[in-house]
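See structure below.
Residue numbers (the working numbering): 509 to 720.
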């Protein structure tokens with residue numbers, strides 16, 4: 509799938525640190541277990557316990573939890589880049605949440621396109637087999653089975669230029685993507701992903717200091 513190449517690209521930026529609103533960490537959290545004895549069916553069906561904020565502080569753990577696999581005794585790891593910065597050392601940044609070693613949620617940002625129309629033509633149009641539908645997020649957004657994407661133009665007048673190994677500051681299109689890799693492809697999943705994407709767009713605009 510298209511997104512996987514992008515996900516692998518930011519793996520080199522993984523760090524281990526404490527969770528703060530703007531600093532992604534690698535943390536391990538054991539989900540709350542049900543009572544011993546006969547067992548509690550509701551506990552088995554509850555989502556794993558996530559940190560209060562995840563992925564650079566862009567999302568609350570509770571907003572992402574509905575996309576995670578259910579069950580007690582789940583080990584949670586949040587991995588990815590320390591900060592969300594597409595104008596510094598790299599032009600992309602990513603985050604993933606793993607449940608018992610399996611990646612279940614991914615969020616990433618990338619700045620590679622000068623025009624949104626080119627992004628749609630050469631990348632998004634290849635997602636047609638996933639039945640994408642438009643959503644209100646950024647300049648243009650789509651929701652599809654298990655994922656969502658959006659882009660917006662980021663104007664940063666007066667900001668210092670990017671390093672040579674990073675896309676020129678003239679590359680103003682910021683693309684965002686999120687996915688839930690194990691959640692069933694239900695309407696509820698799509699609604700959650702769409703809401704998270706809208707949050708992600710607002711976070712990215714603020715974090716990248718784009719003009720309103």
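From the three backbone atoms N, C-alpha and C, an ideal C-beta is built for every residue, glycine too.
If we count the other Cβ atoms within 10 Å of its Cβ and call it buried at 16 or more, is residue 693 buried or exposed? Label assigned to residue 693: exposed.
Look up residue 504 in the DSSP assignment and say whether it is helix, strand or coil. Any property of residue 504 remains undetermined from this structure, which presents the chain solely from 509 to 720.
Would a C-beta distance cut-off of 8 Å place residue 615 and residue 563 closer than the cut-off? Contact flag set, yes.
At 3 residues or longer, and completely inside the segment 607-691: list those beta strand (DSSP E) runs for me, N to C. You should have 610-621, 641-643, 648-652, 655-661 and 681-688.
Can the beta-carbon of residue 619 be found less than 8 Å from the beta-carbon of residue 638? Cβ atoms of residue 619 and residue 638: not closer than 8 Å.
Kindly say whether residue 702, judged by its beta-carbon, lies nearer than 8 Å to any beta-carbon of chain B. Considering every chain present, this structure includes no chain B. It has just one protein chain.
Taking the alpha helix (DSSP H) that residue 569 falls in, what are its first and last residues? Start and end: 569-572.
Using only the alpha-carbon positions, how far apart do residue 464 and residue 585 sit? Because residue 464 is not part of the residues shown, which for the chain are 509 to 720, the question remains open.
Can you check which of these residues, 641, 592 and 571, is closest to residue 651 by C-alpha distance? Ranked by how close their Cα comes to the Cα of residue 651, the residues 641, 592 and 571 have 641 in first place.
Would you tell me roughly how many angstroms separate the C-alpha atoms of residue 720 and residue 645, rounded to the nearest one? Rounded to the nearest angstrom, the two C-alpha atoms are 15 Å apart.
Tell me, please, which residues DSSP counts as bridged to residue 604. According to DSSP, which records beta bridges pairwise, residue 604 is partnered with 587 and 614.
Using the three-state DSSP reduction, which class does residue 704 fall into: helix, strand or coil? Looking at residue 704 - three-state DSSP - the assignment turns out to be helix.
Can the beta-carbon of residue 701 be found less than 8 Å from the beta-carbon of residue 655? Taking 8 Å as the Cβ cut-off, residue 701 and residue 655 qualify as a contacting pair.
Between the C-alpha atoms of residue 621 and residue 569, what's the straight-line distance to the nearest angstrom? Taking the Cα positions, residue 621 is about 30 Å away from residue 569.
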